[in-house]
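Structure first, then comments.
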Amino acid sequence: MRILVTGGAGFIGQHLARLLRDEHELTALDLLLPQVHLDPQVSRGAFPGEVIVADAADPATWDGIPAPDLLIHLAAETGTGQSMYEADRYRRTNIEGTRLAGDAAAHWGVPLISMSSRAVYGEGRYECPKHCITFGGPCCDLAVPAASRETDQHRPVSVYGETKSAAEAALAAVAPLVPVTVIRPQNVVGPGQALHNPYTGVLAAFLARLREGRSLLVYGDGTATRDIVHVEDLASLVEWCALTPAPVGEARVLNCGTGVRTTLDQLAAAAAEGSPAGTAAIEHVAVHRAGDIDHACADLGRIRSLGAPLPRRTSHEAIVDFVRRSWDMPGAASQAWSAALDELGERGLAT
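For the sequence shown, this note's numbering assigns the number 3 to the initial residue and increments by one for each residue that follows.
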């Protein structure tokens, strides 16, 4: 099968390519931006197939690309904080790029797999014995966070989440024409992340501080929760979707996560466990950034019912593996994350 992967030279794309390369002919469409690729030529050389260096959000890019048998759309701008002040760039890449990918799949008559995000849920689902179910935050002190389901309301709280929600909506016109699968991953970690990019998330920041022998900074009181999934488990789900196309009619939407909550304190402790020292001090900092949420977790009922692959690693195992396998990889100093936070503060987006 000939497979075109937008963003294919990136973090998720490279892991996916390793699964698919022996049985399929792969082509990547990737801008190779320096924010994502520390060495663009190394990224290009690591992809097992042709790499077309072009912008998926530019209509002209799609002219003349030979029709594949499957289109996997991974290309996106990521980073919740950065999205709040680079909104136009995020909207162009994430919404327009997805719309163009959908149009191309419909034109070619081929299945489409598109990567969305758990950010569409925002604060997600809360269950309360007094008020039943609410979305976007607790209704009262009795409410507790519950795992988000694919049918839940979208309540994004960041520009990034808004663009991912709008990108899903942009595929509504395509799903009646070709098979469309939308995957909503939780926080994805693993070797190969852009460790020089201060918008990649908290684990890259923890890794930088661990390598410098510094304490781990946890924003808030450490009780906020995340669902951490290993990139290889996400790649396995994408591979399954590639071999098991969705029915034509409406998009098949699938969560990807472990279904288990990890507190930020537990996340920090697991990161420290993966370091050579095996431990590190945790320091709580009273910081709130625009677009931050308190709780996130995926309900896996749908992928379980479909027989799709469930994650093989726990969140704890994924975090430890990330730190151990990334320890000797080049990356930015921890000051890069401090500078990113300062920039948010200067823009009134962090307090």
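Every residue gets a Cβ at the ideal spot worked out from N, C-alpha and C, and that includes glycine.
So, helix, strand or coil for residue 113, using DSSP? Secondary structure at residue 113: coil, using DSSP grouped into helix, strand and coil.
Starting from residue 42, trace the beta strand (DSSP E) both ways and give me its first and last residue. Secondary structure note for residue 42: it is in no beta strand (DSSP E), and the uninterrupted alpha helix (DSSP H) holding it is 42-48.
Which residue marks the beginning of the alpha helix (DSSP H) containing residue 185, and which one marks its end? Here residue 185 belongs to no alpha helix (DSSP H); instead the beta strand (DSSP E) covers 182-187.
Go to residue 304, then tell me how far its alpha helix (DSSP H) extends in each direction, as first and last residue. Following the DSSP letters along the chain, one finds residue 304 inside the alpha helix (DSSP H) bounded by residues 303-308.
Within 10 angstroms of the Cβ of residue 245, are there 16 or more other Cβ atoms? Answer buried if so, exposed if not. exposed
Would you mind reading off the limits of the alpha helix (DSSP H) that contains residue 165? Boundaries of the alpha helix (DSSP H) around residue 165: 161-172.
Provide the residue span of the beta strand (DSSP E) that contains residue 286, from first to last. 284-287
Whole angstroms are fine: how far does the CA of residue 348 sit from the CA of residue 306? 45 Å
Helix, strand or coil: how does DSSP classify residue 357 here? The structure shown has nothing for residue 357, since the chain only spans 3 to 353.
Taking only three categories from DSSP, how would you classify residue 243? helix
Look up residue 52 in the DSSP assignment and say whether it is helix, strand or coil. strand
What span of residues does the alpha helix (DSSP H) with residue 14 cover, start to end? Segment 13-22, the alpha helix (DSSP H) holding residue 14.
Buried or exposed for residue 217, please, with buried defined as at least 16 other CB atoms from any protein chain shown within 10 angstroms of its CB. Exposed.
Would you check if the distance between the CB atom of residue 160 and the CB atom of residue 293 is smaller than 9 Å? Cβ atoms of residue 160 and residue 293: closer than 9 Å.
Between which two residues does the alpha helix (DSSP H) holding residue 82 run? 82-85
Using a Cβ-Cβ cutoff of less than 8 Å, which residues in the same chain neighbour residue 341 once the five nearest sequence positions on both sides are dropped? 200
Do you know whose CA, among 181, 167, 228, 184, lies nearest residue 191's CA? For residue 191, the nearest C-alpha among the options comes from 228.
Would you call residue 232 buried or exposed, if buried means 16 or more other Cβ atoms sit within 10 Å of its Cβ? Under this definition residue 232 is a buried residue.
Is it right to say residue 252 is buried, meaning 16 or more other beta carbons lie within 10 angstroms of its own, or is it exposed? In this structure residue 252 is exposed. Its beta-carbon is surrounded by fewer than 16 other beta-carbon atoms within 10 angstroms.
Reducing DSSP to helix, strand and coil, say where residue 98 ends up. Here residue 98 sits in helix by DSSP.
Counting pairs of Cβ atoms below 8 Å between the stretch 122-134 and the stretch 148-155, do you hit three or more? yes
Determine the contact status of residue 55 and residue 41, defining contact as a CB-CB distance below 9 Å. no
Taking Cβ positions, are residue 176 and residue 111 nearer each other than 9 Å? The answer is no: Cβ separation not under 9 Å.
Just confirm the distance between the C-beta atoms of residue 333 and residue 206, as a whole number of angstroms; I'd bet it's less than 8 Å. 7 Å
Span of the alpha helix (DSSP H) holding residue 321? 317-328
Selected residue, minimal CA-CA separation from residue 74, among 90, 230, 226, 106: 106
Under a three-way DSSP split, which group does residue 35 fall into? coil
Residue environment, residue 135, which counts as buried when at least 16 other CB atoms sit within 10 Å: exposed
Rounded separation between residue 133 and residue 297 - CA only: CA-CA distance, residue 133 to residue 297, rounds to 19 Å.
Same chain, Cβ closer than 7 Å to residue 240, neighbours up to 5 away in sequence not counted: 18, 74, 115, 185
Would you give the residue range spanned by the beta strand (DSSP E) that residue 177 belongs to? Unbroken run through residue 177: none, as it is neither H nor E.
Give every residue of the same chain whose Cβ lies closer than 7 Å to the Cβ of residue 311, excluding the five residues on either side of it in the sequence, and list them in chain order. 238, 239, 242
Taking residue 122 as part of the alpha helix (DSSP H), name the residues at either end of that continuous run. Counting along the chain, residue 122 falls outside any alpha helix (DSSP H), and DSSP gives it neither H nor E.
Looking at residue 165: is its Cβ nearer than 9 Å to the Cβ of residue 97? yes
Measure the CB-CB distance between residue 212 and residue 325 and report whether it falls below 9 Å. Using a Cβ distance threshold of 9 Å, residue 212 and residue 325 count as a contacting pair.
So residue 338 is in the alpha helix (DSSP H); what residue range does that whole segment cover? 337-348
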